[in-house]
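Quick note: the sequence shown uses the numbering used here, first residue 1197, plus one each step. Think of the CB as a built atom: it goes at the ideal place given N, C-alpha and C, for glycine as much as any other residue. As the structure is a computational prediction, the values presented were derived from the model and not from experiment.
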Amino acid sequence: MRYPSDLSDEEWDIIASNFHPKSKRGRPREHAQKDIVNAILYTLKGGITWRMMPNDLPPWQTVYDHFSRWSKRGVWKLVLDQLTVRLVEK
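Here it is in structure tokens:
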């Protein structure tokens, strides 16, 4: 299901390089990174708790774990900077 908070394909193309590409080692991913980012945006924009995420999104534990790791690495600042530059260019 699509939500108003979801990134467009164009927005995702701009920021996708900030997230780790799929590793050739380890187990395969169960959820696409774009789906996880969209779930994070849904939670933050909607002002809900992680545990109240709809069931059609990846599990809240998975989403929160990615949010926490990406926050510690400074990924969200890079993403915001890239999207802001793109918005100013338009």
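Rounded to whole angstroms, what's the CA-CA distance from Val-1275 to His-1227? Just pull it up for me.
-> Rounded to the nearest whole angstrom, the CA to CA distance from Val-1275 to His-1227 is 20 Å.
Length at least 4, wholly inside the segment 1202-1266: the alpha helix (DSSP H) runs in chain order = 1205-1211 and 1229-1242
Any idea what DSSP makes of Arg-1282, helix, strand or coil?
-> helix
Could you check the C-alpha separation between Gln-1278 and Ser-1201 for me, to the nearest Å?
-> The alpha-carbon atoms of Gln-1278 and Ser-1201 are separated by roughly 18 Å.
Going by the C-beta, is Asn-1251 closer than 8 Å to any heavy atom of the ligand ATP?
-> This structure does not include the ligand ATP; it has no bound ligands of any sort.
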